[in-house]
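J.: Going from the sequence shown to the working numbering is simple: count from 1 and add 7. Beta carbons: idealized from backbone N, C-alpha and C, even for Gly. Quick caveat: nothing in here was measured; it's all calculated off a predicted structure.
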Amino acid sequence: MVACVKSKTSLLPSPDERQRALTQIRNLKMARSAHAYVRGNTAKFYEWLDSRVPGSLPEGPPLWICGDCHTGNLGPVANTSGQVEIQIRDLDQSVIGNPAHDLIRLGLSFASAARSSDLPGVATAKMLEQIIEGYESAFDDNSKSEEDSATRPESVRLVLRRAVRRSWRHLAKECIGDASPDIPLGKQFWPISEKEQTALKILFASKAMQRLATLLRSRESDAPVDLLDAAYWVKGCSSLGRLRYAVLLGVGESNPKNADFCLMDVKEAVAAAAPHYQNVSMPQDNADRVVEGARHLAPFLGDRMQAERFLNKSVVVRELLPQDLKIELATLTHDEALKTARFLAKIVGCAHARQMDQAGHKSWQADLLKNRSKSLDAPSWLWRSTVDLLVSHEGAYLEHCRKYALDSL
């Protein structure tokens with residue numbers, strides 16, 4: 008049964024009060040640093056893209072792109088067999104669009120991270136060179152896979168090493184405090200309404216959810232699945248305000264408390280703000296679009312996701328695995344910044360390249376080679392875009408802090 012709200016949690020926002028509280032939390036999160044603001048304010052990036060003069064950016068081939076390709080959306084991802092690779096890990100904004108948009112978003116993310124790490128301006132220019140070189144290398148005929156261990160920067164090695172060693176207990180401690188079959192209400196988890204409780208029970212009683220909960224090779228496909236607990240999940244930044252739930256399942260034992268635990272993430276899918284090509288075929292349902300984008304860009308993750316309807320909204324459901332982690336770039340040294348930029352750009356390049364044939368590779372490579380200057384081994388459009396966006400975002404960040412964070416200091 009879903010746990011009832013205890014008296015000590017009576018100060019937590021009720022379902023009717025969530026939106027106001029979530030907006031305040033989101034605003035304060037985005038005020039922590041310029042890098043956090045860039046990660047959280049995707050709308051400003053899309054507004055900038057919409058304002059571009061036609062022809063100012065290369066028109067890449069129509070393929071599935073991340074749409075919100077910042078550094079926090081890349082990291083270790085596990086598949087159902089336990090393999091772990093660095094892939095794109097958030098596909099909320101995935102659309103069939105211009106692959107140049109992912110490169111620009113990645114460039115902006117690294118540029119803002121460099122500013123937050125007090126790296127000199129020349130580091131940004133060098134990172135953009137590494138981004139384009141790493142990205143282009145994914146289209147070479149002799150290119151190795153994403154997981155070329157010889158080229159992994161230390162930050163990536165550390166997070167991969169940590170990922171492969173993690174177990175359910177690590178995930179449980181990180182997300183819900185401990186390995187007991189309860190989700191503690193508090194700062195991260197808020198109470199849900201009776202209507203939400205009932206809808207979650209119905210959702211996870213379905214055959215599709217039973218299949219999703221038993222996908223891991225260690226679980227029997229016909230194992231019983233029981234909903235042990237559920238709560239509203241205060242998670243993310245740009246997605247705060249949408250429906251989001253943590254659901255704890257017990258899989259495989261008649262006594263749920265002795266079962267194999269499974270933590271499910273139920274996340275509302277809304278219309279993509281990322282610009283997409285016209286006259287292309289994409290799923291009309293937003294959850295179907297997210298899942299389809301994931302299957303093209305991050306197959307380890309896409310195979311673990313399910314599009315569903317919940318309370319008349321589109322939601323994406325996936326099991327959280329201990330190996331799924333972010334690559335955090337809190338503080339960067341110059342050398343580590345360059346190596347990480349090159350490596351993660353190749354990850355994005357491989358996600359794009361697997362959707363093209365050899366002719367498409369060569370054509371897109373030729374476009375990327377254009378507009379290089381003698382002083383910068385990166386396309387001028389990528390440099391101009393990154394500088395323009397960095398300037399506009401830093402000004403908007405300061406204004407955001409004035410509006411929402413001044414009283415909190």
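Count Cβ pairs between the stretch 356-371 and the stretch 64-82 that sit closer than 8 angstroms; are there 3 or more?
T.: These segments touch.
J.: Could you check which residue in D229, S200, A38, T131 has the C-alpha nearest to that of Y404?
T.: Measuring from the Cα of Y404, the nearest candidate turns out to be A38.
J.: Have a look at V298 and T87 and give me their C-alpha separation to the nearest angstrom.
T.: V298 and T87: Cα-Cα distance of roughly 16 angstroms.
J.: At a Cβ threshold of 8 angstroms, is T158 touching chain D?
T.: Here chain D cannot be found, since the structure has a single protein chain.
J.: Within this structure, are the beta carbons of L308 and Q90 separated by less than 8 angstroms?
T.: no
J.: Alpha carbons only, please: which of K36, I334, P188 is nearest the one belonging to I354?
T.: I334
J.: Mind pulling the beta strand (DSSP E) runs of 3 or more residues that sit fully within the stretch 230-288?
T.: 232-240, 251-258, 267-275
J.: Please name the residue, chosen from L207, G104, I72, that lies closest to L318 on a Cα-to-Cα basis.
T.: L207
J.: Less than 8 angstroms separating the beta-carbons of I183 and A237?
T.: The Cβ-Cβ distance between I183 and A237 does not fall below 8 angstroms.
J.: Would N293 and A305 qualify as a contact pair, given that the criterion is a beta-carbon distance under 8 angstroms?
T.: no
J.: In the DSSP output, what is M134 paired with across the bridge?
T.: Answer is none; M134 lacks a bridge partner.
J.: Can you tell me the Cα-Cα spacing of K381 and Q26, whole angstroms?
T.: Here the alpha carbon of K381 sits roughly 51 angstroms from the alpha carbon of Q26.
J.: Could you tell me how far apart the beta carbons of S116 and A301 are, in whole angstroms, since I believe they sit closer than 8 angstroms?
T.: Contact doesn't hold; Cβ gap of about 20 angstroms is too wide.
J.: Since P420 and L255 are thought to touch, with beta carbons under 8 angstroms apart, how far apart are those beta carbons, to the nearest angstrom?
T.: The structure shown does not extend to residue 420, since the chain is modelled only from 8 through 416, so no value can be given for it.
J.: Is it the case that the stretch 42-50 contacts the stretch 213-225, given that we only count it when at least three CB pairs across the two stretches are under 8 angstroms?
T.: no
J.: Along the chain, where does the alpha helix (DSSP H) that runs through E201 open and close?
T.: 201-211
J.: So if DSSP puts P83 in a beta bridge, which residue, or which two residues, is it bridged to?
T.: I93.
J.: Between A50 and the rest of its own chain, which residues show a CB-CB distance below 7 angstroms, the 5 nearest in sequence each way excluded?
T.: A280
J.: In terms of alpha-carbon separation, which member of T30, W175, Y284, R224 lies closest to L270?
T.: W175
J.: Can the beta-carbon of I138 be found less than 8 angstroms from the beta-carbon of A348?
T.: Yes, they are a contact pair.
J.: Does DSSP put R316 in a helix, in a strand, or in coil?
T.: strand
J.: I'd like to know if the stretch 119-129 and the stretch 323-342 are in contact, where contact means that at least 3 CB-CB pairs between them fall below 8 angstroms.
T.: yes
J.: Looking only at DSSP bridge pairs, what is V324 linked to?
T.: V273, Q313
J.: Does DSSP put R361 in a helix, a strand or coil?
T.: coil
J.: Please report the straight-line C-alpha distance between E161 and L18, rounded to a whole angstrom.
T.: 43 angstroms
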